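Before any comments, here is the structure.
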Amino acid sequence: MTTQTFKRPLDRVFGVARSSILILTVGQLAPVFGQVIPDETLPIDTQVTLEENRFVIEGGTAAGSNLFHSFERFSVPTNSEVFFNNATTIENILTRVTGNQISNIDGLIRANGAANLFLLNPNGIVFGPNAQLNIGGSFLSSTADRFVFEDGSFYSATDVESQSLLAVTVPLGVQYNANPGSIEVRGLNQNVDSDFINLAPSDGEDPPGLQVSHRQTLALLGGDISIDGSNLIAPAGRIELGSVAANNTVVLVPQSQGWTFDYGAANSFRDIQIIRGSLVDTAGERGGDMQLQGRQIVVSQGSTVTARTQGSGIGGTVVVRASDLVEVIGGQTATRVSVSLASGATGRGGNFLLETNVLRMVDGGQIGAGTLGVGDAGNATIRAQDIEIIGTDAFDRFPSGIFVTVQALGTGQGGNLTVEAERLSLLNGGRLNAFSLGNGDAGDITIRVDDLEIRGKTSIEQSSSGIIAFSTVNFAAGSIDVSAETVQVREGGEITVSNFANGDAGNLNVNADLVRLEEGGILSSQVRAGSRGNIALTAGSVQLQDESQITTNATGTATGGNIRIDAETLALTENSTIDANAVQGAGGNIQIVTEGIFQSSDSTITASSQFGVAGIVEVTTPEIDTASGLVELSQTVVDPADRVVSACRVASEGNSFTITGRGGLPPDPTRPLQHQRVWVDLRDFNEIADESQGEIESQVRDRPVDRVRVVPAFPIEAQGWSIDAEGNVELISRRSIEAFRALDLCD
Numbered sequence: 028m029t030t031q032t033f034k035r036p037l038d039r040v041f042g043v044a045r046s047s048i049l050i051l052t053v054g055q056l057a058p059v060f061g062q063v064i065p066d067e068t069l070p071i072d073t074q075v076t077l078e079e080n081r082f083v084i085e086g087g088t089a090a091g092s093n094l095f096h097s098f099e100r101f102s103v104p105t106n107s108e109v110f111f112n113n114a115t116t117i118e119n120i121l122t123r124v125t126g127n128q129i130s131n132i133d134g135l136i137r138a139n140g141a142a143n144l145f146l147l148n149p150n151g152i153v154f155g156p157n158a159q160l161n162i163g164g165s166f167l168s169s170t171a172d173r174f175v176f177e178d179g180s181f182y183s184a185t186d187v188e189s190q191s192l193l194a195v196t197v198p199l200g201v202q203y204n205a206n207p208g209s210i211e212v213r214g215l216n217q218n219v220d221s222d223f224i225n226l227a228p229s230d231g232e233d234p235p236g237l238q239v240s241h242r243q244t245l246a247l248l249g250g251d252i253s254i255d256g257s258n259l260i261a262p263a264g265r266i267e268l269g270s271v272a273a274n275n276t277v278v279l280v281p282q283s284q285g286w287t288f289d290y291g292a293a294n295s296f297r298d299i300q301i302i303r304g305s306l307v308d309t310a311g312e313r314g315g316d317m318q319l320q321g322r323q324i325v326v327s328q329g330s331t332v333t334a335r336t337q338g339s340g341i342g343g344t345v346v347v348r349a350s351d352l353v354e355v356i357g358g359q360t361a362t363r364v365s366v367s368l369a370s371g372a373t374g375r376g377g378n379f380l381l382e383t384n385v386l387r388m389v390d391g392g393q394i395g396a397g398t399l400g401v402g403d404a405g406n407a408t409i410r411a412q413d414i415e416i417i418g419t420d421a422f423d424r425f426p427s428g429i430f431v432t433v434q435a436l437g438t439g440q441g442g443n444l445t446v447e448a449e450r451l452s453l454l455n456g457g458r459l460n461a462f463s464l465g466n467g468d469a470g471d472i473t474i475r476v477d478d479l480e481i482r483g484k485t486s487i488e489q490s491s492s493g494i495i496a497f498s499t500v501n502f503a504a505g506s507i508d509v510s511a512e513t514v515q516v517r518e519g520g521e522i523t524v525s526n527f528a529n530g531d532a533g534n535l536n537v538n539a540d541l542v543r544l545e546e547g548g549i550l551s552s553q554v555r556a557g558s559r560g561n562i563a564l565t566a567g568s569v570q571l572q573d574e575s576q577i578t579t580n581a582t583g584t585a586t587g588g589n590i591r592i593d594a595e596t597l598a599l600t601e602n603s604t605i606d607a608n609a610v611q612g613a614g615g616n617i618q619i620v621t622e623g624i625f626q627s628s629d630s631t632i633t634a635s636s637q638f639g640v641a642g643i644v645e646v647t648t649p650e651i652d653t654a655s656g657l658v659e660l661s662q663t664v665v666d667p668a669d670r671v672v673s674a675c676r677v678a679s680e681g682n683s684f685t686i687t688g689r690g691g692l693p694p695d696p697t698r699p700l701q702h703q704r705v706w707v708d709l710r711d712f713n714e715i716a717d718e719s720q721g722e723i724e725s726q727v728r729d730r731p732v733d734r735v736r737v738v739p740a741f742p743i744e745a746q747g748w749s750i751d752a753e754g755n756v757e758l759i760s761r762r763s764i765e766a767f768r769a770l771d772l773c774d
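Residue numbers for the sequence shown follow the numbering used here, beginning at 28 and rising by one.
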C-alpha cells in the first residue's frame with residue numbers, strides 16, 4: 028500500500044511553532060479523509076492518520092491529565108472508526124470543532140484506557156444508526172460554545188483567538204452563547220413491547236446505539252435533542268439529556284465516576300423527543316441515574332425510558348423536568364418512563380420524580396415505579412400545574428396512567444405515589460394505581476390538587492377511569508388520601524381501595540370543599556377476608572346524583588368497612604346510595620354529621636349484612652333546642668265581645684275585624700286609644716313569670732347627659748267635640764265622659 032506524508036508549516040499560536048503531519052493512503056484522500064480534519068489552533072497539533080477505514084488521532088496539547096484536540100471538521104463515516112490513541116495517564120480528552128459544519132457520526136469512536144471523552148460542536152451533532160462508542164470513561168457530547176473551568180479559563184469552539192491557557196482541571200460546565208445546534212441520535216425503528224405494566228423492556232439483544240462502560244455517564248447537552256428509534260445505554264451509570272437555549276450555562280459536578288449536572292444557572296430550555304421505539308436505559312446491578320431537562324419533553328411511539336436494578340444494589344433516581352410540557356404518548360403499544368427492580372434482583376428499586384407545568388399522558392402512555400424482584404419498589408412523585416391522563420393504547424390493552432406496583436414475581440413493599448397539581452383529570456380509562464400482585468403490601472396514593480376530575484371508561488373493555496389501590500394476594504392493599512377543593516367523579520369513574528384475597532384493604536380519605544358524584548360515579552372499598560376498607564369524607568358539600576355510590580362491600584367473612592361523612596350539606600338523588608354491606612360478617616357502620624341532608628325517595632342509606640349483624644346508620648345534625656324562645660300559651664281565650672264593638676257600621680254594611688295572636692289589643696273597644704303609639708299587652712305578667720322556664724335579668728345603667736335637646740311644640744290632636752250654648756261645634760283636646768258623642772252611624 029502506497030502512502031504519502033504531508034507536512035506543512037503552520038502559524039504560531041501562543042508563541043509556539045507548530046507543524047502537522049498527515050499520513051494518507053493514496054486513493055483514499057476523498058471523500059473519506061475530508062471527514063476528520065484538524066485545525067491549526069493548538070500549541071501542539073492534533074495529528075490524524077488514515078489506516079484503511081480507521082482514523083488514528085494522536086498528538087494534541089496536554090495540560091495535566093487533560094488532552095485537548097481541535098478540528099475544523101469531525102465526522103465518522105459509516106463502517107469507519109475514529110481512534111483516539113491517547114496515553115493511559117490521560118483522564119479527559121476534550122475535543123472541539125471550530126468549523127461551520129455539523130458532525131455526522133455513523134461509525135465507531137474509540138479511546139485508550141479509562142479516559143472521559145468530550146465532544147463540542149456548536150453547529151450540531153448527528154449520530155447515525157451505526158454510531159457506537161468504545162471508551163473506558165464517560166462520554167459528553169454538546170452543542171454549547173465552550174467548556175468552562177473552575178479557574179475561570181475556557182476552551183471555546185467559536186472564540187479561539189482570545190482563549191486563555193489550557194486548564195489542567197476538569198471542566199466545570201458548558202456555556203451556550205449563540206443559538207445552539209441540535210443533537211440527533213438516529214436508529215432503526217424498534218418496538219419495545221411487554222406484558223401489562225411490566226416496567227422493564229423485554230429481554231433480548233439490544234440493537235446498536237450509544238453505550239458507555241459500566242457506571243459511566245452518557246450525556247447529551249444540546250439545543251433540541253432527538254432520540255429516534257435508537258438506544259442510549261449506561262449500565263448502572265448515568266444518562267443525561269439536557270436541552271438548553273442560548274446564553275445559559277450547565278454546571279458539571281464531578282463524581283467518583285462520571286458527573287451530575289446542575290441547571291440552576293439556566294433559565295430557558297429547548298425540546299427533547301424520544302420516539303419510535305427508542306430505549307433509554309441505565310440497567311445494572313444497581314439502577315443507574317437519569318435526568319431529562321428541557322422545555323417540552325415528548326416520549327412516544329412505544330419508547331421506553333427506564334432505570335432497572337438487576338442485582339443487589341440500590342436503584343438510582345430518574346428525574347424529568349420540563350418548563351412547559353411533558354407528554355408520554357402510546358400508540359400500537361405502551362410507552363413507558365419507569366424505575367424498577369428487575370426479576371431476580373435483590374436490591375431496592377429507585378425513585379422517580381417528574382416536575383413540569385403540564386403533564387399529558389395519552390393512548391397507553393405510562394409512568395411507574397415497581398418491583399419484580401426481591402426488594403422494595405421505589406416511590407413516584409409528580410408535580411405539575413395541569414395533569415391530564417387519557418385512554419389506552421390502540422388495542423385497549425395498556426391504560427394510560429401512573430403506577431406503583433409489586434409484580435407477580437416480586438417480593439417486597441410497593442412504593443408510594445404522590446401527585447401534586449392544580450388540576451388532575453383522569454379520562455376514558457386513565458388511571459392512578461398502587462397495587463400488589465406479589466408477596467408484599469401495595470403502596471399508598473396521596474393526591475394534593477385544587478380540582479380533581481375522574482370521568483368515563485375505555486371504549487372496548489369498558490374499564491373505568493380512576494384512582495385505585497388494590498391487592499390480589501394475601502398482603503395489604505394501599506390507602507388513598509385525597510385533598511382538593513373540588514372532587515368530581517362521573518360517568519363510571521371511581522376511587523377505590525380493595526383486597527380480593529385474604530389481606531386488608533386500605534382506607535379511602537377525601538377532604539374537599541365539594542365532592543360530586545354523577546352518572547354512576549363511585550367511591551368504594553372492597554374486602555374479602557381482611558379488615559379496614561373504611562371511607563371518610565370531610566367536605567363542605569357532598570352530592571350524589573344519577574345512580575352514584577359511596578359503598579363499602581365485605582364479601583366472605585370480612586367485616587364491612589365504616590363510612591363517615593362530615594359535611595355541611597349532603598344530597599342523594601336519582602337512585603343514588605350510601606351503603607355499608609357485608610355477607611357473613613358484620614355490616615359496617617355509617618355515621619353522617621351534617622347541617623342538612625336532602626334525600627330523594629328512590630335513594631337509600633343502608634348498613635346491612637346478609638347473614639351477620641347489620642351495621643348502624645347514625646345521622647347527626649347540629650344541636651338546636653327547638654323549644655327555646657317559646658312561651659306556653661294561656662288556656663283562657665279572649666272573648667271578642669269584650670274587645671270589638673259590633674254595633675258600628677260603615678256605609679250601612681257590616682264589617683269584620685280579625686285578630687290573630689295574643690297581646691297588642693286596646694283594653695276597651697268603646698274607649699279610644701290614649702296615644703297612637705301606645706300598645707297594651709293583655710297577657711297576665713304574673714302568669715307569664717310563673718310559666719317561664721328561664722330567668723329574666725334586668726340591668727339599669729346610669730348614663731351621663733352631656734346636652735339637652737329642646738323639642739318644638741306641635742299641634743295637639745283633637746280628642747273629641749262638644750256643642751256650645753249657641754249651637755257651635757267645638758273640637759277639644761280633652762273631653763269629659765259627658766261630652767263624648769258617638770258617631771251617627773252607630774246604633
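Ideal Cβ positions, reconstructed from N, Cα and C, are used throughout, including at glycine.
As the structure is a computational prediction, the values presented were derived from the model and not from experiment.
Contacts around residue i, its chain only, beta-carbon distance under 6 Å, and the 5 residues preceding and following it disregarded
i, result
"E480", "S452, Q515"
"V610", "T582, Q637"
"R387", "E354, E415"
"N275", "Y203, A293"
"G483", "L454, N455, S492, E518"
"D413", "V385, R450"
"L320", "Per the sequence shown, residue 320 should be read as Gln rather than Leu. Hits under 6 Å: G269, Y290, R348."
Cα-Cα separation between residue i and residue j, rounded to whole angstroms
i, j, result
"E545", "S492", "14 Å"
"F296", "G250", "8 Å"
"T586", "I619", "20 Å"
"G437", "S367", "11 Å"
"A273", "S327", "27 Å"
"N93", "E188", "20 Å"
"F625", "L599", "6 Å"
"I71", "G87", "5 Å"
"H241", "G285", "11 Å"
"G376", "G397", "7 Å"
"T523", "I356", "26 Å"
"L199", "F95", "16 Å"
"L237", "S130", "15 Å"
"G133", "V364", "As written in the sequence, residue 133 is Asp, which differs from the Gly given in the question. Approximately 27 Å between the Cα atoms of the pair."
"D214", "G155", "For clarity, residue 214 is Gly in the given sequence; the question names Asp instead. Their backbone Cα atoms lie some 6 Å apart in a straight line."
Pick from the options that is closest to residue i, judged by C-alpha positions
i, options, result
"V83", "P70, F101, N93", "F101"
"A608", "T331, S551, P649, V509", "Per the sequence shown, residue 608 should be read as Asn rather than Ala. It is S551."
"Q282", "T276, G264, F425", "G264"
"I299", "D255, G428, I341, T309", "D255"
"A511", "A184, T499, N538", "N538"
"S575", "Q434, G560, I632", "I632"
"Q243", "R313, S463, T185, A435", "R313"
"G395", "V401, E85, G405", "G405"
"S97", "Q572, L121, G376", "L121"
"G91", "N119, F145, G391, G338", "N119"
"R335", "V325, A372, L352", "A372"
Residues of its chain near residue i, where Cβ-Cβ distance is below 8 Å and the 5 sequence neighbours each way are ignored
i, result
"A740", "In this prediction, A740 scores a pLDDT of 48, lower than 50, which makes its location untrustworthy; the coordinate-derived value is nonetheless stated afterwards. So the list is empty, once near-sequence residues are dropped."
"A205", "P149, D172, T185, A273"
First through last residue of the beta strand (DSSP E) which encompasses residue i
i, result
"G291", "Counting along the chain, G291 falls outside any beta strand (DSSP E), and DSSP gives it neither H nor E."
"S575", "Looking at the DSSP string, S575 is not in any beta strand (DSSP E), and its letter there is neither H nor E."
"I494", "493-498"
"Q775", "One cannot answer for residue 775 here, as it falls past the ends of the chain, which runs 28 to 774."
"P65", "63-65"
"A503", "Note, A503: premise wrong, no beta strand (DSSP E); not H, not E."
"S525", "521-526"
"G397", "392-398"
"H96", "93-101"
Cβ separation of residue i and residue j, assumed to be a contact under 8 Å, to the nearest whole Å
i, j, result
"A361", "F425", "4 Å"
"S330", "I302", "6 Å"
"A528", "T499", "6 Å"
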